[in-house]
Every structure is written in structure tokens, then in C-alpha cells.
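All remarks here apply to the structure that follows.
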């Protein structure tokens, strides 16, 4: 639920963190989410981003945030992601799918041109998918896998048919990949290995902004006056390349930039200090679709008992954990993150925690620690000691101790947590992160078939499996939401694990930025999904 927002300068110490408990998004000023202001333009927008781009190509894995942001501003896909992460038409005007959910027909917009004036058509789409599928493709293996077995047919200049090998609820999300210009193939095919191609230093897209200058210090982009969504009101966007978050803060402090996206690891007090006295700035605290998960090892000793796991899980109050840890994260509310179009508010009653402990037959001993058949309930909780993890782990341990569980917190480097504990199944409890894809299908994290891969908790349940299988093959959003709600209930009933929190990012931006709507960040660059509507009001 949105909360009122005021410029950062007026926040008392620690207010940014406190605001996280108020609601999902922090929205700056009432008019901030206003619609497009037609017929007007505003001046430049100067944002500090970390990294220096080497190659700007939507098919390549970005080396840093600067590369990802430039691709987001310059290129468009058949589809785009809406504020809740749901796919919407972009270069495609509309689409249809056959009854077997295998063949998609995309009807392309006829008013699209490339930044060099060339017309956009179906051959560009076919060319782009062909590059991904080619044996010489050097982009992400995950992207190549998404298009494996896909057939593409150009019906006419403005119509393309795409046939997928099996029904996939996330296919339209895959179709958000940026489209490349077929007529500039020669510039993309020159160069060897990981060397930047000529096109990747002078990219031509169909997006709302076109690149006019690129140096080691900054990139300058001008609004695309031929953009199919209308000329963006902000005339110029400058991305200044910073070495670190500290440099982003310094530039905000010195007035060199008026925007920066900062990870949740940057203390709220540091942001407040960097923006003190700058009445022209405000900020939005945005939830990401990443998750911090307390994994419960479902296949280890006493934790193989679902009654014990359920009692442990129910003893954790995620809101209280986040508050006690003092971290800039939102309290966990389930595997599907709030803000996603597939999230459903839980309708079930809160669990009777003591009844769950009684059902599991764990009774408190004289020292307050629970025992069963002479065995004391003592567990180890392993986490990486980076960022906010230790604070969260200690807060969880304190809650569980109060509930009668003796918990010892162990910290190790992140790589060791993965290799020596999670993948080896050598842990009781583990606090670690999970990156949710743009389509938040939890299959890879919790289906039985993934126990040797992403399902590091070893959760296995036929009923939950069936729900996940059904949800990833239906295109009916309402049905998917209902299936995931049933999965969440089963997940909780069996104490599979606990989603503790969702990391956030703070977006500092002009205080009078109209058209910006805070959203779920499916990736940091998704903040620019509606950039063509933004306007800095004088």
C-alpha cells in the first residue's frame, strides 16, 4: 500500500528504513504518478550509474549497470514489462495464441522506425531470434536456452509467427528481449570473441532514446522524436559513469547529478546526508523481486519431519526480524513477491504456533529449549557474512531462541555457503538469497525435479509439484495466481522454508518528476520502462 512521501531532506535520521515497514512502495508527492503531459518537453536528466559500458547489446550479458541501462533506453522488444512485471505489447501491437498454446502470432506496429530512419519489420525480429539460436552466439546461455527449439515464420512485413515446443506461461516475458536491426547485421558480425563490435559502440534501436555521444565519462542520449509511443518529454538523458556507490553519493552531494539508483546495502543515513539541503531531490524505495530466504533442510534429521519444520517456520515473524535487524528490506510475504501481478494476498488465518509445537511433540525443558524423546532442539544457521545477512541471521536466531530452539549462527564466504553447505545439503538452516526471474515462476526453486539443482532445501511434495506444473503452463493470469496461492498455502503448511525479506533499492530522482510510477524492480533497469512518460516539471 502506498505511503505519503516527501523530499529526502525532510526525513529524520533512519526514516528511510522506517518507511519500509509502512508499505510496499514509497511514492513521492501526489502528482508524481500523473499520466503523460502532452505537448511539452523538459530539460536534461543527469543520472549517476556504476560501471563503464564496453558493448551495448540487448542480447549480451551486461558487464555492469551502465550497459544494462543503455540497452533499456535504446532498444525495444516485442513485449515490455508493466509496473507489476506482467508483459504488455511494445513493438507488437497485439498478439494471438492458438488453442494448444504453441503458436503465437505477433502483429507488429506499422509506425516504428530505427534511430537511423530505416523502417522496422518482421525480418528484424526473425534476425534477432536467429542470432540467439546460432551456434556462434556468445551471449548468456540462459537466453539461448529460452529460444531453443523455437521456430520463427515471417508471414508478412508486419506479421511474425513464433512456434514454441511446449506451452510456457512465461513466453511473453521472454519476448521482451531487445530487437536488433537486420539491415545493420554487418556491423554486428565484425569483430572476434568478446571484442566489441562497431554496432555495440554506436547502437541503433527503436527505443525512446537514441545515443548521441559515448565516452569513458558519460553517455548522452536524446529523445527519439520518431518514437512510436510519442516523443518523450525529457529532451536529454545523461548517464555519468561512477566507480562506486560512494561516487554516486558524492555526485549527488555536489549537485553534479539529479538521479541515482542505490542498492539496499547503502545505509539510509548515507543517502540522507548526500541529499541534505537539496530541495530538488526526492526518492522512491523500490522493492526488487530478489528474496532473502531461510532455507530449512527438508531432508536432514529432525527437519525431515514436516510438523517440526512448520512449527519453526510459524515461529518467525518476518516483519519483526527486519525491524530488529535494522535493514533496508521489506518483510517476506511469500515465494511470489508482493507487487507482482501473480501475487495473491494470503486468505488463511495466522497459525497457532503453540498448537504446531504440540503437534510436533516438542516440549520446553527447564532452560526453555524444547526437547522431544530426550533430544534437545539445537540447530545451526549458516549464512554469508556480507551485507545485511548477519544482522538478519542474528534476529532470526533470537526469535527462534524465544520460541525454544537453540540456534548457533555460523558465517562463511558466500561461495563456501553455496558449495560446502547448500549444494552439499550440509546444513540445518541457511540464510541466503534467491534471484526471482521476471516471470516469478518458483518451479526451479521448489519443484521435486530440481532437488539436485535450485531446490537446495530438498522440498518434495507431489501436491505442490502438481500446482507448480499447472501454473507454468496456463496463460490465464487469474488461474496462475490462484494456483500459486494454493502452492503458498501448501508451502507454509509443510514448513518448506521461509521467505524472510525482499531487498530494496532507493531511487533518488528529481522531486518534481511527473510520470514516474514506482514499481517492482524485476531488474534495476526496469525503472526505465516508462521513461518515455517522464517529465521534470519546472
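Residue numbers (the working numbering): 31 to 568.
Cβ coordinates follow ideal geometry from the N, Cα and C atoms, glycine included.
Could you compute how far the alpha carbon of residue i sits from the alpha carbon of residue j?
i           : j           : result
residue 118 : residue 112 : 6 Å
residue 307 : residue 568 : 18 Å
residue 492 : residue 475 : 15 Å
residue 188 : residue 412 : 54 Å
residue 445 : residue 142 : 46 Å
residue 265 : residue 239 : 9 Å
residue 167 : residue 484 : 25 Å
residue 358 : residue 533 : 7 Å
residue 267 : residue 227 : 24 Å
residue 145 : residue 301 : 37 Å
residue 376 : residue 263 : 40 Å
residue 210 : residue 154 : 6 Å
residue 557 : residue 316 : 9 Å
residue 199 : residue 521 : 21 Å
residue 214 : residue 140 : 20 Å
residue 65  : residue 548 : Annotation note: pLDDT 36 at residue 65 (below 50); position unreliable, no value reported.
residue 297 : residue 88  : 32 Å
residue 273 : residue 242 : 22 Å
residue 202 : residue 135 : 12 Å
residue 219 : residue 509 : 44 Å
residue 61  : residue 311 : Confidence in residue 61 is poor, its pLDDT being 31 and thus under 50, which makes the residue's placement unreliable; the coordinate value appears in the next sentence. Rounded to whole angstroms, residue 61 to residue 311 spans 15 Å at the Cα level.
residue 452 : residue 285 : 45 Å
residue 54  : residue 469 : Low per-residue confidence applies at residue 54: pLDDT is 36, beneath 50, and the placement is therefore not dependable enough to give any value.
residue 186 : residue 132 : 20 Å
residue 396 : residue 406 : 11 Å
residue 58  : residue 560 : Low per-residue confidence applies at residue 58: pLDDT is 35, beneath 50, and the placement is therefore not dependable enough to give any value.
residue 77  : residue 184 : 40 Å
residue 388 : residue 427 : 21 Å
residue 573 : residue 309 : One cannot answer for residue 573 here, as it falls past the ends of the chain, which runs 31 to 568.
residue 349 : residue 425 : 11 Å
residue 542 : residue 79  : 21 Å
residue 159 : residue 182 : 8 Å
residue 467 : residue 457 : 26 Å
residue 401 : residue 431 : 13 Å
Compare the Cα-Cα distances from residue i to each of the options and report the closest residue.
i           : options               : result
residue 563 : 550, 546, 484 and 555 : 546
residue 433 : 447, 356, 338 and 520 : 338
residue 480 : 498, 469, 468 and 463 : 498
residue 422 : 257, 483, 323 and 149 : 323
residue 257 : 501, 271 and 234      : 234
residue 127 : 520, 506 and 115      : 506
residue 161 : 150, 152 and 174      : 174
residue 329 : 391, 488 and 428      : 488
residue 494 : 464, 415 and 516      : 516
residue 194 : 176, 186 and 206      : 176
residue 554 : 374, 260, 95 and 530  : 95
residue 299 : 326, 318, 281 and 356 : 356
residue 370 : 123, 410 and 318      : 318
residue 550 : 472, 122, 373 and 463 : 373
residue 398 : 426, 437 and 122      : 437
residue 245 : 82, 419, 503 and 486  : 82
residue 108 : 170, 466 and 207      : 207
residue 303 : 415, 441, 280 and 130 : 280
residue 150 : 518, 287 and 237      : 237
residue 363 : 99, 261, 385 and 519  : 519
residue 129 : 442, 196 and 101      : 196
In terms of residue numbering, what span does the alpha helix (DSSP H) encompassing residue i cover?
i           : result
residue 431 : 419-432
residue 387 : 383-389
residue 217 : 215-218
residue 336 : 336-344
residue 281 : 275-284
residue 201 : 201-204
Below 8 Å on the Cβ atoms is my guess for residue i versus residue j; work out the distance and round it to an integer in Å.
i           : j           : result
residue 97  : residue 104 : Incorrect: roughly 11 Å between the Cβ atoms, too far for contact.
residue 283 : residue 247 : Their Cβ separation, rounded to whole angstroms, is 19 Å, which puts residue 283 and residue 247 out of contact at 8 Å.
residue 190 : residue 156 : 7 Å
residue 91  : residue 106 : Actually they are not in contact, since the Cβ atoms of residue 91 and residue 106 sit about 19 Å apart, beyond 8 Å.
residue 565 : residue 291 : So it is not a contact: roughly 19 Å between Cβ atoms.
residue 313 : residue 75  : Their Cβ separation, rounded to whole angstroms, is 15 Å, which puts residue 313 and residue 75 out of contact at 8 Å.
residue 115 : residue 336 : Actually they do not touch by this definition, with Cβ atoms about 31 Å apart.
residue 321 : residue 529 : 5 Å
residue 531 : residue 360 : 6 Å
residue 540 : residue 289 : 7 Å
residue 478 : residue 490 : 4 Å
For the beta strand (DSSP E) containing residue i, list its first residue and its last residue.
i           : result
residue 359 : 359-361
residue 325 : 320-326
residue 400 : 400-402
residue 475 : First-last for residue 475: 473-476, but that is the alpha helix (DSSP H), not the beta strand (DSSP E).
residue 135 : 133-138
residue 575 : Residue 575 lies beyond the residue range present for the chain, which begins at 31 and ends at 568; the question has no answer from this structure.
Q.
I'd like to know if the segment 379-397 and the segment 338-349 are in contact, where contact means that at least 3 CB-CB pairs between them fall below 8 Å.
A. As far as the Cβ criterion goes, the segment 379-397 touches the segment 338-349, which means the pair count is three or higher.
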